[in-house]
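Protein sequences, first through last, are from chains Z and Y.
First residue of the first sequence? That's 18 in my numbering, and the numbers climb one at a time after it.
First residue of the second sequence? That's 18 in my numbering, and the numbers climb one at a time after it.
Yeah, the Cβ is synthetic: ideal placement off N, Cα and C, and Gly gets one too.
If you're wondering where the values come from, they're calculated on a predicted model, not measured in any experiment.
Protein chains: 2
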Amino acid sequence: MAKPEPNRQQLDRAAWIKGALDILAEKGLDGIRVEVLAKRLKVTKGSFYWHFKDRRDLLDAVLDTWKDGRIRDIQKQTRALPGEELPRAYHVIDVYSANRNRKGMLIEIAMRDWARRDAAAAAVVEEVDAARLEFGRKGFEARGMPPLEASSRSLLLYAYVFGLSLMSCGKFDADMDEMKRWIADRIAR
Amino acid sequence: MAKPEPNRQQLDRAAWIKGALDILAEKGLDGIRVEVLAKRLKVTKGSFYWHFKDRRDLLDAVLDTWKDGRIRDIQKQTRALPGEELPRAYHVIDVYSANRNRKGMLIEIAMRDWARRDAAAAAVVEEVDAARLEFGRKGFEARGMPPLEASSRSLLLYAYVFGLSLMSCGKFDADMDEMKRWIADRIAR
DNA sequence: ATTCTTCCATACGCTACCGTATGGAAGGCG
DNA sequence: CGCCTTCCATACGGTAGCGTATGGAAGAAT
Numbered sequence: 018m019a020k021p022e023p024n025r026q027q028l029d030r031a032a033w034i035k036g037a038l039d040i041l042a043e044k045g046l047d048g049i050r051v052e053v054l055a056k057r058l059k060v061t062k063g064s065f066y067w068h069f070k071d072r073r074d075l076l077d078a079v080l081d082t083w084k085d086g087r088i089r090d091i092q093k094q095t096r097a098l099p100g101e102e103l104p105r106a107y108h109v110i111d112v113y114s115a116n117r118n119r120k121g122m123l124i125e126i127a128m129r130d131w132a133r134r135d136a137a138a139a140a141v142v143e144e145v146d147a148a149r150l151e152f153g154r155k156g157f158e159a160r161g162m163p164p165l166e167a168s169s170r171s172l173l174l175y176a177y178v179f180g181l182s183l184m185s186c187g188k189f190d191a192d193m194d195e196m197k198r199w200i201a202d203r204i205a206r
Numbered sequence: 018m019a020k021p022e023p024n025r026q027q028l029d030r031a032a033w034i035k036g037a038l039d040i041l042a043e044k045g046l047d048g049i050r051v052e053v054l055a056k057r058l059k060v061t062k063g064s065f066y067w068h069f070k071d072r073r074d075l076l077d078a079v080l081d082t083w084k085d086g087r088i089r090d091i092q093k094q095t096r097a098l099p100g101e102e103l104p105r106a107y108h109v110i111d112v113y114s115a116n117r118n119r120k121g122m123l124i125e126i127a128m129r130d131w132a133r134r135d136a137a138a139a140a141v142v143e144e145v146d147a148a149r150l151e152f153g154r155k156g157f158e159a160r161g162m163p164p165l166e167a168s169s170r171s172l173l174l175y176a177y178v179f180g181l182s183l184m185s186c187g188k189f190d191a192d193m194d195e196m197k198r199w200i201a202d203r204i205a206r
């Protein structure tokens, strides 16, 4: 038959996409080169052009994959128990501003740099941001805050964590942990 | 003589640097290509390689120029009258988060993307950030806040404005202006 | 066993870009 | 005038990457 394993293909496509995301985190969008990626995967570009129409096809797949992952993450958090909104806000701040998730934050930055120049990327980032802001807003509203305040806190929260990852806060201050806690309180309390 | 006008050269170097900064804002670091830049300036790269040793030489000059400009800006703000710290904080938030200064913010983002991969760029960004954070901290301390709180507010302020420029807040909410004001109050008050 | 599909390697032409080498115009200066 | 310095154009060789064409191996289907 023509399609004995409709998963085998997807698996290999997924390998290319994963490799592209790795490079995106390391080198940015312009680091994603077909032949470079092929070398990293220990194949040649002959394989690439079987799985993908061209480089743009890969990039679109990268966008889709990233978007799905982020949306899924947000939905998972949304399904958490109600009544736990405050610790959940702290958890979000902690996850995004900590140095684990380093690769995730690098991808976030690269995506936004990408979105500056590419309409498709811009649409994806906007969708993900909207979902996150909505999630945050609902959390604050569940704690009884008025709509404007809830929306504002949500925006402040995400802008802060992304902005923090932009700043080479290598050694701004020794009490970085205390500062982060003060800020988290200021945003969430 | 050998040096009748030691400014003529600098002026032309400055033109190349300015063009490079324009491209940096539009296309990011990888958009800065010698021949592309030459075409934009309506000359050929023969001119470029007279003024600069190579592409890296230009990039270093771009870094220096940007750093000097930012440091100068901060020092200018620092020399403002004392007793005006609160409105000054609002002014900083306003300048950075507004849609004027668009090009400036694009360069900020590109610089930070650059800093991820280049040690020299990372050093420059870190220096500029340190100066800004210090400036903000002093402002809050002048209003009687304890050191930890002042440092934290300063960090929150700059992380917020940079993070905001990362988010395609194209149409998150119609009341964006009110939200920005709420956030500015939360950071500065 | 033969054929067919799947997946990848190799080879090719093409473009963009880098850095160098060389020459030439244009103006100050002897 | 001839000369020298400054600034830029042109031409060249080299590398990296894109996309295509073609063939080949290996397993599945018949």
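Within chain Y, the C-beta atoms nearer than 8 Å to that of methionine 196 of chain Z come from Leu165, Ser168, Ser169 and Leu172, in chain order.
Arginine 96 of chain Z: not part of any alpha helix (DSSP H); DSSP gives it neither H nor E. In the structure shown, the three-state DSSP call for valine 60 of chain Z is coil. Chain Y has a Cβ within less than 9 Å of the Cβ of aspartate 190 of chain Z.
With a 10 Å radius around the Cβ and a threshold of 16 neighbouring Cβ atoms, lysine 155 of chain Z comes out exposed. The three-state secondary structure of glycine 45 of chain Z, taken from DSSP, is coil.
Boundaries cannot be given for proline 163 of chain Y, as no alpha helix (DSSP H) includes it and DSSP labels it neither H nor E. Nearest in C-alpha terms to alanine 201 of chain Y, of all of Z/Tyr177, Z/Leu54 and Z/Glu43, is Z/Tyr177. Identification of chain Y residues near glycine 63 of chain Z by a Cβ-Cβ cut-off of 9 Å yields none; the smallest Cβ-Cβ distance measures about 26 Å. Around the beta-carbon of leucine 172 of chain Y, 16 or more other beta-carbon atoms lie within 10 Å, marking it buried. For aspartate 47 of chain Z and glutamate 195 of chain Y, the gap between their C-alpha atoms comes out near 37 Å.
For the segment 128-141 of chain Z, residues whose beta-carbon sits nearer than 8 Å to a beta-carbon of chain Y comprise Arg129, Asp130, Ala132, Arg133, Arg134 and Ala139. A distance of 9 Å or more separates the beta carbons of phenylalanine 157 of chain Z and glutamine 94 of chain Z.
From the listed residues Z/Trp67, Z/His68 and Z/Ala37, the smallest Cα separation to valine 53 of chain Z is found for Z/Ala37. Not a single C-beta of chain Y is nearer than 9 Å to the C-beta of lysine 84 of chain Z. If you draw a 10 Å sphere on the C-beta of alanine 115 of chain Z, you find fewer than 16 other C-beta atoms in it, and that means exposed. Contacts with chain Y (Cβ-Cβ distance below 7 Å) from the segment 41-54 of chain Z involve Lys44, Gly45 and Asp47, listed in chain order.
If you draw a straight line from the Cα of alanine 148 of chain Y to the Cα of glycine 161 of chain Y, it is about 20 Å long.
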